[in-house]
Amino acid sequence: MDGERVTKKVRLLAENAIMYVSSGFSPHSDSIFTFTCDKSPTNGFTASSAPQYLHSTVGSINYTAKPLFSSAFYTHALGIIDAEKDEISLLPVSLVRLECSVEKRVHGDDDIKKKDIEEKKENAESRDFHDSTIDEKVALGQAFGSKRMQKIIQNRALQAANAQLSVQVGAAVVEQVKEAVEHAKGSSIGAIEEENIYGEAKKGLENGDLPVPPQNIQTTNVEEVYSLSDIVSAEELSVIHVKLLLRAPDERSRANIVYRNSRYINDRLGKALVDGKKNKRRIKLLYYASLLMAFYTNYQLVSKKDLLIKKLGDPPEILVDHLITRFSEPSRSGINHEIIVPVITSYGIDKILCYLFALCLIIDEFSVDMNLLAQDLSLSTQKCKELFKILGCKIQGCTEAQRISLNLSKAEAKTYKRAVLTLPLEVVTKKRRRLR
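Quick note: to get my numbering, add 600 to the position in the sequence shown (first position is 1).
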């Protein structure tokens, strides 16, 4: 009850006891423990300076109790309640851990080993006796047997020699095969280490990997789904210089700097250049998106770096190195497959497009004109739709107000599609058929 205080008599016993803890077992009822201690413990709650041990052997099972490490820092007691006298007695105890081990198994293993040795010795003696008996019979046959018997003995000896030779040859072949396998393993490990210079290991759709930048599927903010640093690093942005673009007077002058065949890039770049240095970051992102488009168009030249740089408009070499590292996979070529060259597989192509589309989502505030990108990259609308869905987008048409603002006819509005990144983000698996 609240406010009431219950008073109990507490009596401290002078005797000492030992309490054990174990891992789910109890000692046998016939166990008799031997107590050993270097020094006699003091009475009361004063901790003993000397460790205490218990030992018991029941049949083949040994029980050993050792003091816990924590018992050196704490004092333990066992409380005994006497309901009649309404008092509590405290009995000081030493806390130990009880462990058990089986002794018979050790001796059993020794007995088995000893028995095996004796059996092997007997078998060896039996074989020696059998071999000596055969040798004696052969010697008698060669000395006193007929010509037919002597010929049979010679044929048997020849067959035995041939059999022994075959065994030796077979063993040699097996050793050669083992050495070849070990050498091949070592070569493959070396090859893997060499292939790591190209960065990411091979990823395929068969084992569930998607060619998209890292996704934050737990976020409630659409701006945090894709991190810009996962698409283009700060190091890459730092080497992109916009002075040439700012000095370019018209679109024709900019054609030698960015991907010239992209309406998506040219329309947005023209608007960004009006404000000049105010949109410096946006101009850098548009330049990198243009670089991804050009890299997608010329991905066959990934193993010819110098020619690829020229096709991309002579960008900083570090940008090209990052593109090759991020989107290519190592492959061997040459007569003996001794040359490692980067190649871009169908998975790598989809990865380039997904990274490009994710960057476009960031540039356009997560609502992208899908038809315009499909035209710039000569892709089917279905292919773009599939990749945007993998990125977590929903495909939407345009409203009447959007149709008027975009100056689209009603027929064009029916085919117009926008990819809009929405939350919660849905994880979509890529279909296994290849779209052209």
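For every residue, glycine included, the Cβ atom is placed at its ideal position computed from N, Cα and C.
Asked, Found
"Bridge-paired residues (DSSP) for K666", "R697"
"Contacting residues, own chain, Cβ-Cβ under 7 Å from V902 (five flanking each side not counted)", "L908, I924, S928, P942, V943, I944"
"Buried or exposed (CB count within 10 angstroms, at least 16 for buried), A683", "exposed"
"Rounded C-alpha distance that separates S967 from I939", "44 Å"
"Backbone CA spacing between H962 and Q900 [nearest angstrom]", "The question names His, but residue 962 is Ile in the sequence shown. Distance between the alpha carbons of I962 and Q900: 28 Å."
"Backbone CA spacing between I840 and I883 [nearest angstrom]", "10 Å"
"CA-to-CA distance, A1019 to S1005, given in whole angstroms", "18 Å"
"Residue range of the alpha helix (DSSP H) that includes L923", "917 to 927"
"Distance between G870 and A958 (C-alpha atoms, nearest Å)", "21 Å"
"Beta-carbon contacts of K1010 that lie in its chain and below 8 Å, excluding the five residues immediately before and after", "R1003"
"Within the stretch 931 to 974, ranges of the beta strand (DSSP E) (whole runs, at least 3 residues)", "939 to 943, 967 to 969"
"Cα-Cα separation between G659 and H628, rounded to whole angstroms", "10 Å"
"Those residues which DSSP pairs with V1020 across a bridge", "S967, K994"
"DSSP three-state assignment for Y653, whether helix, strand or coil", "strand"
"Expected contact under 8 Å - CB spacing of N816 and D976 to nearest Å", "About 28 Å; that fails the 8 Å criterion."
"Close-in-space but distant-in-sequence residues of the same chain around N898 (CB under 8 Å, 5 per side omitted)", "L908, K911, L912"
"Bounding residues of the beta strand (DSSP E) (the contiguous stretch that carries L678)", "676 to 682"
"Cut-off 7 Å between Cβ atoms - residues of its own chain near L1025, not counting five sequence neighbours on either side", "Q815, I817, V825, G992"
"Environment of D914 [buried if 16+ CB atoms lie within 10 Å]", "exposed"
"Nearest neighbour of I831, chosen from K951, L1008, T636 [CA to CA]", "K951"
"Candidates E823, L695, L891, Q996: closest to M619 by CA position", "L695"
"Per-residue DSSP class, three states only, for R1034", "Because the pLDDT at R1034 is just 48, under 50, the model does not fix this residue reliably, and the point stays unresolved."
"Nearest-angstrom Cβ-Cβ length linking C960 and A889, presumed shorter than 8 Å", "6 Å"
"Opposing strand residues paired with G692 [DSSP bridges]", "It should be noted that the sequence gives Pro, not Gly, for residue 692. Beta-bridge pairing links P692 to A677."
"Assumed close pair L973, Y859 - CB separation to whole angstroms, cut-off 8 Å", "No, L973 and Y859 are not in contact; Cβ-Cβ is about 12 Å, not under 8 Å."
"L956 versus L892, C998, S931, F988, residue with shortest Cα-Cα distance", "L892"
"Where I753 falls: helix, strand or coil (DSSP)", "helix"
"Complete beta strand (DSSP E) runs within the stretch 869 to 905 (minimum length 3 residues, chain order)", "none"
"Option nearest V812 by Cα separation, candidates A771, A872, G948", "G948"
"Boundaries (first-last residue) of the alpha helix (DSSP H) holding I618", "Counting along the chain, I618 falls outside any alpha helix (DSSP H), though it belongs to the beta strand (DSSP E) covering 617 to 621."
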